[in-house]
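Remarks on the structure that follows.
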Amino acid sequence: MPLPRPDLPRPRGVLAASAGAALVAGLLVAPPALADGDGPELLGTASELGVEVPTADEIRAAGETPISGRWLVEVEGRPTLRGGSKAQAAAAQETVAERAEDAAIPLEVQETFTSGWNGMSVTMDDADAQKLREVEGVRAVYPVLEVAAPEPADAAPEDSYANEMTGVDQVQQVDGLAGEGVTVAVIDSGIDYNHPDLGGSGVDDETKDFPNGRVVGGYDLVGDDYDSRAEGDPVPDEFPDDCGGHGSHVAGIIGADGEVVGVAPKVDLLSFRVFGCEGSSSTEVILEAMERAMDADADVVNMSLGASFMTWPDYPTAQMSDVLVDHGVTMVISAGNEGEAGLFSSGAPGISSEAITVASVDNTHRSAPYATAAGADRPYAAATGAPLPPSSGELALRAAGAAGTPEALACDPADLPAAEPGQALLIERGTCSFREKAVAGEQAGYDAVILYDNAPGVVNPTVEGDPALTVPVVMLEQADGLALQDALAAGEVTWAWQDGPTTVENGTGGLVSDFSSYGLTADLALKPDVAAPGGSIWSTLPLEKGGHGSMSGTSMAAPHVAGAAALMLEAKPDLAPGDVKTAMMNTADQLAWSLIPEEGHLEPVHRQGAGMLNMVGAVHATSRVETSSISLGEGEAGPQEVTLEVTNDSDEEKVYEIGFEDGVATGVPTTNPAFYEAEASTSTSADQVTVPANGSAEVTVTLGEDFGVDGVIYGGWITLTGTDDDLVVPFAGLSGDYQALTVLDDQGLGLPSLGVSDGAGSVLLDPEGGHTYTMADGDLPYIAYAFSLPVERLEISAYQKRANGTLKVVNPSVGTIDATDHLGRSPEPELYAWDGTFSMKNQKARSVKDGDYVLEMKVLRPLGDPENPEHWETWTSPEFTIDYANPRQPGTR
Numbered sequence: 055m056p057l058p059r060p061d062l063p064r065p066r067g068v069l070a071a072s073a074g075a076a077l078v079a080g081l082l083v084a085p086p087a088l089a090d091g092d093g094p095e096l097l098g099t100a101s102e103l104g105v106e107v108p109t110a111d112e113i114r115a116a117g118e119t120p121i122s123g124r125w126l127v128e129v130e131g132r133p134t135l136r137g138g139s140k141a142q143a144a145a146a147q148e149t150v151a152e153r154a155e156d157a158a159i160p161l162e163v164q165e166t167f168t169s170g171w172n173g174m175s176v177t178m179d180d181a182d183a184q185k186l187r188e189v190e191g192v193r194a195v196y197p198v199l200e201v202a203a204p205e206p207a208d209a210a211p212e213d214s215y216a217n218e219m220t221g222v223d224q225v226q227q228v229d230g231l232a233g234e235g236v237t238v239a240v241i242d243s244g245i246d247y248n249h250p251d252l253g254g255s256g257v258d259d260e261t262k263d264f265p266n267g268r269v270v271g272g273y274d275l276v277g278d279d280y281d282s283r284a285e286g287d288p289v290p291d292e293f294p295d296d297c298g299g300h301g302s303h304v305a306g307i308i309g310a311d312g313e314v315v316g317v318a319p320k321v322d323l324l325s326f327r328v329f330g331c332e333g334s335s336s337t338e339v340i341l342e343a344m345e346r347a348m349d350a351d352a353d354v355v356n357m358s359l360g361a362s363f364m365t366w367p368d369y370p371t372a373q374m375s376d377v378l379v380d381h382g383v384t385m386v387i388s389a390g391n392e393g394e395a396g397l398f399s400s401g402a403p404g405i406s407s408e409a410i411t412v413a414s415v416d417n418t419h420r421s422a423p424y425a426t427a428a429g430a431d432r433p434y435a436a437a438t439g440a441p442l443p444p445s446s447g448e449l450a451l452r453a454a455g456a457a458g459t460p461e462a463l464a465c466d467p468a469d470l471p472a473a474e475p476g477q478a479l480l481i482e483r484g485t486c487s488f489r490e491k492a493v494a495g496e497q498a499g500y501d502a503v504i505l506y507d508n509a510p511g512v513v514n515p516t517v518e519g520d521p522a523l524t525v526p527v528v529m530l531e532q533a534d535g536l537a538l539q540d541a542l543a544a545g546e547v548t549w550a551w552q553d554g555p556t557t558v559e560n561g562t563g564g565l566v567s568d569f570s571s572y573g574l575t576a577d578l579a580l581k582p583d584v585a586a587p588g589g590s591i592w593s594t595l596p597l598e599k600g601g602h603g604s605m606s607g608t609s610m611a612a613p614h615v616a617g618a619a620a621l622m623l624e625a626k627p628d629l630a631p632g633d634v635k636t637a638m639m640n641t642a643d644q645l646a647w648s649l650i651p652e653e654g655h656l657e658p659v660h661r662q663g664a665g666m667l668n669m670v671g672a673v674h675a676t677s678r679v680e681t682s683s684i685s686l687g688e689g690e691a692g693p694q695e696v697t698l699e700v701t702n703d704s705d706e707e708k709v710y711e712i713g714f715e716d717g718v719a720t721g722v723p724t725t726n727p728a729f730y731e732a733e734a735s736t737s738t739s740a741d742q743v744t745v746p747a748n749g750s751a752e753v754t755v756t757l758g759e760d761f762g763v764d765g766v767i768y769g770g771w772i773t774l775t776g777t778d779d780d781l782v783v784p785f786a787g788l789s790g791d792y793q794a795l796t797v798l799d800d801q802g803l804g805l806p807s808l809g810v811s812d813g814a815g816s817v818l819l820d821p822e823g824g825h826t827y828t829m830a831d832g833d834l835p836y837i838a839y840a841f842s843l844p845v846e847r848l849e850i851s852a853y854q855k856r857a858n859g860t861l862k863v864v865n866p867s868v869g870t871i872d873a874t875d876h877l878g879r880s881p882e883p884e885l886y887a888w889d890g891t892f893s894m895k896n897q898k899a900r901s902v903k904d905g906d907y908v909l910e911m912k913v914l915r916p917l918g919d920p921e922n923p924e925h926w927e928t929w930t931s932p933e934f935t936i937d938y939a940n941p942r943q944p945g946t947r
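When you line the sequence shown up against this note's numbering, it's residues 55 to 947, in that order.
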């Protein structure tokens, strides 16, 4: 199967969608058998429970995509906010740049960072990254990652249900809290400060209304035309307006005061724009925005963005987040929208240990544009990338096929019934992409395509592509789609477009959204921290985009919590960021398992954190558990004792009963996780704890597991139940031995494998080897691979075959031709390309000669000991030949 190749040799080039069908086959494998007896009970895999396990095509843009030629270089020495000096940090960076020049590593410094992170962003040849890591004074070299701009969804009418779900409405009305005197920075696509709900005049003019009484400051770091994937540098200016929509929607959730009333309608907002009108941003731009938010004295920073699957907490944006928290800034970050992609799917900066990382819960109600058909209103979501649906007119509805049949999916255009004028086509979700279905319907002559889901929930689809669709495409919930299938089976059905929206109860309201990402972090820390409404949220949009609209995502859940943090800081200005986080987590309400809510199980703790935000409890709590969450790590060492300190700030003694609740556990494979009913082994030093007035008391709990299997992520909540209030502390761990789990995943493709360019931009797998590479025009040896877990270290070595048949290591002074630390789980198969060069210990570059070679890939399992051979996985390629088409001098580059 051909796999599109990266343009340049790169440790983590991404394979593209042509691998999708085979990838899904690889994902849908059976979970491992567990020990007999009283161990975990399998409840089903994600795919068996109705999760639409995404193809590589659907998740490619979400991953930690490195931007070619751009790197973040961390240097020795402390940044200023960690006790260093700006002069010393700058001198350390200059010294590294000079040493790189001496080592013949051409690089150009783009930005320098000295406050929260000591390092610089540089442009250089990707092949030089390994050389730069060896330069004295370099602590680490990280790829600059592309951060995708979330797409705005279509509009729906105002509702206040989200504020009701968390008790925000009560603390607004009863306590009079509105966020006054608190400043929240929004690092996003900008804010439409012309919007009347955000302090504007209502006149769409970028240079007007900034700053105003609500959006009091900020900066545009990039300009309208910026896209990290395209050539061209950012073009900053003084006006952080929003032409994308996402940032205005986020800002409205935090603090709109008009037609929309946000969580904190009197808060001051700062706008730091890191996205252009279209396209993506990068982690180097985001680092600069974080520094600016710090310098602007923000009390709270909201970051509804991230690089998914980058789950190592040492990534620079996560490090910077921790520094800001240490200096009094409450950081609130979205958990990520890759829940359907499985475990370890969150990302940086949300994996910051000190930040409040937020999962999404579906709104109890949703409002949407609608049509009438078969005697009922049918609310829909209009697909991004297709024309807006009309507000009037009728079409005859026709089904692509009977529900549950291959024809209903419309993945084979040949199966479609021929269209007649004035018809719309009804298509079931599944197997192929939304765009493929829509294109098939359009090409068959239908005037509209009506998709419907194959599982409960609300989906905002995209059918973007070239060429653009010319007919409207909308998405119905499953129940409406099946009702129309039944009606069509009985007779004719008319689809009538309607003007304006309708509001309906959301069947998944109060449950974790299907898109919300899973933890843990790569080092097994518990994330996310809390959950908040993020599915189907109505808020502000730029005036040029209609002024108001509905979006879904953890991007919408994070600002709800950021606004809530502002309310808490208004009520208690002396709260430190850790106090805000602890109060929110201690008082949260646990959520039912979204996949089978009627069974009485609780959502995995590594997907909901402490639970749903409870603002009445958080604002009025007079007791707290100082440890807000417990990360147990791997279980090989046995149960752990944890001492909890309970503090009572009231004037009356309090007594709490100690108990435990378990969440659903998850197991490998990470891409299609198995779900288990699995009780942690728990005990406590006392059944209750008495906490004196204005005092503290301790209780010791013992937590662990005895599942008899490696790799089950389990956990739950320690509960402290009192007469007047309840507290919880979430905990999570991984059973058995983390390093016993397999990292190199064959993905149903037989990976790892050698690959060969087909000369047309794709790579063919070559598992048997034997190919002769010319090392010209993309004819390079490729390794196709996939990581099922985060990786501690990746090393790639090359060996030349001697005349006597033995192998001689290329680059013996270093031992490798490339090496990288701390890589995330692969969202899809990836490619490594070798151009025949390597860097010696003195940083001088060399090229191999013509001859026969093999490549070796070694991965150190997460948290593994590099001195323990059992913690490494090794794959050795079959033999191949290098015969340069353009001979070069031996030993040169």
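Think of the CB as a built atom: it goes at the ideal place given N, C-alpha and C, for glycine as much as any other residue.
Sequence-distant residues of its chain with Cβ nearer than 6 Å to residue i (five each side left out)
{"i": "K491", "result": "A464 and I481"}
{"i": "A672", "result": "A637, M638 and T641"}
{"i": "F761", "result": "G93, P94 and S789"}
{"i": "P467", "result": "A494"}
{"i": "S807", "result": "L819, P821 and A838"}
{"i": "G484", "result": "L463 and N508"}
Residues of its chain near residue i, where Cβ-Cβ distance is below 7 Å and the 5 sequence neighbours each way are ignored
{"i": "E461", "result": "A454, G455 and D469"}
{"i": "Q742", "result": "V709, Y710, E711 and I712"}
{"i": "T826", "result": "T935 and D937"}
{"i": "Q184", "result": "D872, A873 and S893"}
Residue i vs residue j beta-carbon contact at 8 Å
{"i": "P441", "j": "P423", "result": "no"}
{"i": "G588", "j": "V415", "result": "yes"}
{"i": "A372", "j": "A402", "result": "yes"}
{"i": "A435", "j": "L451", "result": "no"}
{"i": "L861", "j": "V908", "result": "yes"}
{"i": "G564", "j": "T773", "result": "no"}
{"i": "A389", "j": "A350", "result": "no"}
{"i": "E394", "j": "V105", "result": "yes"}
{"i": "K855", "j": "G824", "result": "no"}
{"i": "G333", "j": "D278", "result": "no"}
{"i": "H614", "j": "A646", "result": "no"}
Close-in-space but distant-in-sequence residues of the same chain around residue i (CB under 8 Å, 5 per side omitted)
{"i": "V659", "result": "L580, G717, G769, G770, W771, P784, F785 and A786"}
{"i": "R704", "result": "Reading off the sequence, residue 704 comes out as Ser, not Arg. T676, S677, A747 and N748, listed in sequence order."}
Residue interval of the alpha helix (DSSP H) (run including residue i)
{"i": "G687", "result": "First-last for G687: I684 to E688, but that is the beta strand (DSSP E), not the alpha helix (DSSP H)."}
{"i": "Q224", "result": "V222 to Q227"}
{"i": "Q184", "result": "A183 to R187"}
{"i": "Q662", "result": "V659 to Q662"}
C-alpha gap between residue i and residue j, whole angstroms
{"i": "V902", "j": "D889", "result": "9 Å"}
{"i": "S593", "j": "G306", "result": "5 Å"}
{"i": "D353", "j": "A620", "result": "8 Å"}
{"i": "G878", "j": "T365", "result": "6 Å"}
{"i": "S685", "j": "P319", "result": "36 Å"}
{"i": "G248", "j": "P627", "result": "Reading off the sequence, residue 248 comes out as Asn, not Gly. Rounded to the nearest angstrom, the two C-alpha atoms are 30 Å apart."}
{"i": "A852", "j": "V863", "result": "6 Å"}
{"i": "S101", "j": "L649", "result": "11 Å"}
{"i": "V755", "j": "P693", "result": "10 Å"}
{"i": "P206", "j": "S335", "result": "With a pLDDT of 47 at P206, under the threshold of 50, the modelled position of that residue is not reliable, and the figure given next carries that caveat. Cα-Cα distance, rounded: 16 Å."}
Any non-hydrogen atom of the ligand FMN within 7 Å of residue i CB
{"i": "T438", "result": "Questions concerning the ligand FMN fall outside what the structure shown contains, since it holds no ligand whatsoever."}
Range of the contiguous beta strand (DSSP E) that encloses residue i
{"i": "G749", "result": "G749 to G758"}
(request) Report the residue ranges of all beta strand (DSSP E) runs contained in full by the stretch 491 to 568; include only those spanning at least 3 residues, in chain order. (result) 502 to 506, 527 to 530 and 548 to 559
(message) What ranges does the beta strand (DSSP E) occupy inside the stretch 360 to 392, keeping only unbroken runs of at least 3 residues that lie completely in it?
(response) The DSSP assignment places complete beta strand (DSSP E) segments of no fewer than 3 residues inside the stretch 360 to 392 at 384 to 388, in order along the chain.
(request) Please specify which runs of the beta strand (DSSP E), each continuous and at least 3 residues long, are wholly inside the stretch 235 to 319, giving them in chain order. (result) Counting only runs of 3 or more, we get 237 to 242 and 269 to 274.
(request) Would you mind listing the alpha helix (DSSP H) stretches within the stretch 698 to 730 that are 4+ residues and don't spill past its ends, in chain order? (result) Runs of the alpha helix (DSSP H) lying entirely within the stretch 698 to 730 and spanning at least 4 residues: none are present.
(request) Could I get the ranges of all uninterrupted alpha helix (DSSP H) runs contained in the stretch 317 to 347, with 4 residues as the minimum, in chain order? (result) none
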